[in-house]
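Using my numbering, the first residue of the sequence shown is number 3, and each one after it goes up by one.
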Amino acid sequence: MPVSPATPAPLAHPVYRPDIDGLRAIAVLAVVLYHASPRWLQGGFAGVDIFFVISGYLISTIIFGSLAGKGFGYGEFYARRIRRLFPSLLAVLACTLAFGWFVLLTDEFRQLGRHVLASAAFVQNLALWAESGYFDTVAESKPLLHLWSLAVEEQFYIVWPVLLGLVWWARRRMLPWMLGAALLSFALSLVLVFRAADAAFYMPLARLWELAAGGVLAWLGLRRQAHHTTRSGQWMSVTGLLLIVAGLAFIDRHKYFPGFWALLPVLGTCLCIAAGPSAWLNRHLLGARPMVWVGLISYPLYLWHWPLLAYARVLEEGVDPPRAVRFGAVGVSVLLAWLSYRFLEKPLRHRRGWPVVAGLAGAMGVLALLGALIWAQKLPSRIDDAGVQRLVAAGSDWTFPDGMRPLEFNGQVFQTVGEGAQTVLLMGDSHVEQQAPRATELARVQGDRLNRLVFATRGACPPIPNLNEDRDPACGERMNVALRFALTPEVNTVVVGGCWSCYFDIGDVANVPGVNSSPAPDRYYYLENGQRHYLRGGDGVQKSLDALAVLLRTLKAAGKTTYLLLNMPVGDPFAPRTRLVGERWGQMSAQPVSTHAPLPASQEALHARLARIAQDSGAQIIDPLPALCTPEGQCLRAGADGTPIYKDTSHLRASYVREAAVYMDAVLLSPPAGATAPR
Numbered sequence: 003m004p005v006s007p008a009t010p011a012p013l014a015h016p017v018y019r020p021d022i023d024g025l026r027a028i029a030v031l032a033v034v035l036y037h038a039s040p041r042w043l044q045g046g047f048a049g050v051d052i053f054f055v056i057s058g059y060l061i062s063t064i065i066f067g068s069l070a071g072k073g074f075g076y077g078e079f080y081a082r083r084i085r086r087l088f089p090s091l092l093a094v095l096a097c098t099l100a101f102g103w104f105v106l107l108t109d110e111f112r113q114l115g116r117h118v119l120a121s122a123a124f125v126q127n128l129a130l131w132a133e134s135g136y137f138d139t140v141a142e143s144k145p146l147l148h149l150w151s152l153a154v155e156e157q158f159y160i161v162w163p164v165l166l167g168l169v170w171w172a173r174r175r176m177l178p179w180m181l182g183a184a185l186l187s188f189a190l191s192l193v194l195v196f197r198a199a200d201a202a203f204y205m206p207l208a209r210l211w212e213l214a215a216g217g218v219l220a221w222l223g224l225r226r227q228a229h230h231t232t233r234s235g236q237w238m239s240v241t242g243l244l245l246i247v248a249g250l251a252f253i254d255r256h257k258y259f260p261g262f263w264a265l266l267p268v269l270g271t272c273l274c275i276a277a278g279p280s281a282w283l284n285r286h287l288l289g290a291r292p293m294v295w296v297g298l299i300s301y302p303l304y305l306w307h308w309p310l311l312a313y314a315r316v317l318e319e320g321v322d323p324p325r326a327v328r329f330g331a332v333g334v335s336v337l338l339a340w341l342s343y344r345f346l347e348k349p350l351r352h353r354r355g356w357p358v359v360a361g362l363a364g365a366m367g368v369l370a371l372l373g374a375l376i377w378a379q380k381l382p383s384r385i386d387d388a389g390v391q392r393l394v395a396a397g398s399d400w401t402f403p404d405g406m407r408p409l410e411f412n413g414q415v416f417q418t419v420g421e422g423a424q425t426v427l428l429m430g431d432s433h434v435e436q437q438a439p440r441a442t443e444l445a446r447v448q449g450d451r452l453n454r455l456v457f458a459t460r461g462a463c464p465p466i467p468n469l470n471e472d473r474d475p476a477c478g479e480r481m482n483v484a485l486r487f488a489l490t491p492e493v494n495t496v497v498v499g500g501c502w503s504c505y506f507d508i509g510d511v512a513n514v515p516g517v518n519s520s521p522a523p524d525r526y527y528y529l530e531n532g533q534r535h536y537l538r539g540g541d542g543v544q545k546s547l548d549a550l551a552v553l554l555r556t557l558k559a560a561g562k563t564t565y566l567l568l569n570m571p572v573g574d575p576f577a578p579r580t581r582l583v584g585e586r587w588g589q590m591s592a593q594p595v596s597t598h599a600p601l602p603a604s605q606e607a608l609h610a611r612l613a614r615i616a617q618d619s620g621a622q623i624i625d626p627l628p629a630l631c632t633p634e635g636q637c638l639r640a641g642a643d644g645t646p647i648y649k650d651t652s653h654l655r656a657s658y659v660r661e662a663a664v665y666m667d668a669v670l671l672s673p674p675a676g677a678t679a680p681r
């Protein structure tokens, strides 16, 4: 059959099935409920996987029907996608951008510009993947975060018709090729979910199998040309819905997802579709008028609900809004979804002719250009006060690993700087990484006196064996490799450091900044004999501190000069953004504050406890407190001119560390000629 991108062959549309709109309703309601109140439906985010299967099924049905008929026209296919998807998306992007200009700070508005550009180009999944990391903006405050899934679908729409067309043109058997692509993608997902969870979530190749599953189903349905028997359709429908419900109920954010867990919603959706429209549950539950109505507005509802919830959180300065506000936002999103469907989607979806397509594409191009200008800082936000700008700028003052070179060891990539004869390994989390600007500055001014420094670090990853974090399965393996490197003969000195208060001071520090602002002890646990001992509500703190002592003794016994790096004061009083006053609806300014803030008593107690552990283990300590705090416990948070020295609640600015973090120099530098190195 001819397959020509130039021939606008009419597309073969699948017969309308109300039950598929019912599946869309389940998917969007699950996602919206999860976003509004995660505790009510912990696996609601898996509704996106239901959407993926439906999209793969419908698009593949169109493609196969056209290939079997007069040929498939790529131009008409993509024109139809534009008429279907662009109207509501344009409205959401424009409104999100306009409201963001009014209420967002400079750095937030710049990131929104980047996301508008990425969303308009349908690469938002790749943009979010590139941003993911310890210092990424809290996810709940990104108004266009949810458009990652739309980007994955659009990338599928670009590649999938081409692949199927090539297989058809080559007269190859279609099913083995589709199954092969799906299985390879699923295998990639299984590998990545344990090694690079962000890649497994956002990478289109790791999600292809979910959409391809719908494609396989479409092919089987077309080749069979027969409906299931009543009995088989009934059990398929019941089993499919049970699998979907199980996925939404039992999957949670701590699971390795997508991976094996995604099979629940994917297989469940496949079974429901395969059951056919005549199955009792499909006809009477999924095909019920309320479900169909929600399914019809599911696309604009998905688009509208998240920006409203995200902005509600932004206006509360990162705190979850009251439940009434969240569900009020959901109600408004339902209204906006219906208006979008009734007055934008329906009038434009079936309007033929290229002027409509060109107009929609041109409007999307204009939004992409606006996003690019905002990202390039050519268009500022409304909140443009100089004092506010200075506080906001502090949040981006972080340079690791600039000025360093990669070093590969046992499959892990560390960072290194310096050419000295002694090798110093610094292992830990971002509190070790924040020492890097001082190291690169010493490399510039001291030259060969700088030891060979190796940073084996990972944000929010404590350097204690068997201390794990729910959402970062790669943390434990990285620190295990770091320990193996520490025990090699080439390493002379080991510095073990971390934000100890973030993990063990449950009283005063409840957040690890940059990781969704969730209580840290709720996510960290000590694993012993297969049993999890959580830091909050369990004996995980004591077991972790005991393991830290064992680690220090192990390093000391191996002949390493061993240091325990204690952490500096942390908490809200040190964060620049806590000095912002005013309302985002009106004007904001920078509040003058004293240059010092008191060291919390519980942090002081933990500090002393860690110092005793080091002493008892034969390790030395590196203590930042004398450089940052007075003997009376008043700790520096800003310079005499009010310039913050912190970037957030628990990290020093790179510009400050570069010039002032001299407490590390004795370890980073080799002693002058004739002097004796510390032991």
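Ideal Cβ positions, reconstructed from N, Cα and C, are used throughout, including at glycine.
Since we're looking at a predicted model, the values are computed, not measured.
About 41 angstroms separates the beta carbons of Y258 and V359, which is beyond the 8 angstroms limit, so they are not a contact pair. Contact annotation: the stretch 410-417 does not touch the stretch 624-635, with fewer than three C-beta pairs closer than 8 angstroms. Bounds of the alpha helix (DSSP H) holding S57 are 49-70.
Under the Cβ criterion (8 angstroms, minimum of three pairs), the stretch 56-67 does not count as touching the stretch 281-289. Ranked by how close their Cα comes to the Cα of L362, the residues G182, F88, R353 have F88 in first place. Per DSSP, L194 is one residue of the alpha helix (DSSP H) stretching across 176-197.
Our two residues, S62 and I84, have alpha carbons roughly 17 angstroms apart in a direct line. In the DSSP assignment, S591 falls outside any alpha helix (DSSP H) and lies within the beta strand (DSSP E) extending over 590-592. Taking every protein chain shown into account, the CB of Y36 has 16 or more other CB atoms within 10 angstroms, so this residue is buried. DSSP links V426 through a beta bridge to L455, T495.
Pairwise C-beta distances place the stretch 323-332 out of contact with the stretch 96-116, as fewer than three of them are shorter than 8 angstroms. Shown here for T418: same chain residues with a beta carbon closer than 8 angstroms to its own, the five before and five after excluded, namely M406, R407, P408, L409, R454, L455, V456, F457 in chain order. Boundaries of the alpha helix (DSSP H) around T232: 232-252.
At a Cβ-Cβ threshold of 9 angstroms, A396 and P602 do not count as neighbours.
The straight-line gap separating the alpha-carbon atoms of G499 and Q437 is approximately 10 angstroms. Exposed is the label assigned to K380, since fewer than 16 other Cβ atoms lie within 10 Å of its Cβ.
Looking at the backbone, the Cα of W356 and that of A81 are separated by about 8 angstroms. Rounded to the nearest whole angstrom, the C-alpha separation of R446 and A199 is 37 angstroms. Boundaries cannot be given for H653, as no beta strand (DSSP E) includes it and DSSP labels it neither H nor E.
Taking the Cβ atoms as the reference, G242 lies roughly 7 angstroms from T271, within the contact range of under 8 angstroms. The beta carbon of Y159 sits closer than 7 angstroms to the beta carbons of I61, R83 from its chain, once the five residues preceding and following it are set aside; these are given in chain order. DSSP places P20 in the helix class (H, G or I) of the three-state scheme.
Burial is judged here by how many other beta carbons sit within 10 angstroms of a residue's own beta carbon; L222 has fewer than 16 and is exposed. Within its own chain, the residues whose Cβ lies closer than 8 angstroms to the Cβ of A549, once the five positions on either side in sequence are excluded, are I466, P467, N468, L469, Y528, listed in chain order. Annotation: the continuous alpha helix (DSSP H) that includes T271 extends over 265-276. Collapsing the DSSP output to three states places P646 in a strand. Counting along the chain, the unbroken alpha helix (DSSP H) around F104 starts and ends at 76-105. Excluding five sequence positions before and after V33, the CB atoms of its chain that fall closer than 7 angstroms to its own CB belong to G46, F47, G49, V50, Y304, given in chain order. If the five residues before and after L338 are omitted, its C-beta is found closer than 6 angstroms to the C-beta atoms of W306, all from its own chain and listed in chain order. Residue range 476-488 is occupied by the alpha helix (DSSP H) that includes N482. L210 carries a helical assignment under DSSP once its states are collapsed to helix, strand and coil.
Boundaries cannot be given for Q436, as no beta strand (DSSP E) includes it and DSSP labels it neither H nor E. About 11 angstroms separates the CB atoms of S121 and L92; that is not less than 8 angstroms, and the two are not in contact. The alpha-carbon separation between I246 and A201 amounts to approximately 24 angstroms.
Going by DSSP, E410 is part of the beta strand (DSSP E) stretching over 407-411. In this chain, the beta strand (DSSP E) harbouring E530 covers 526-530.
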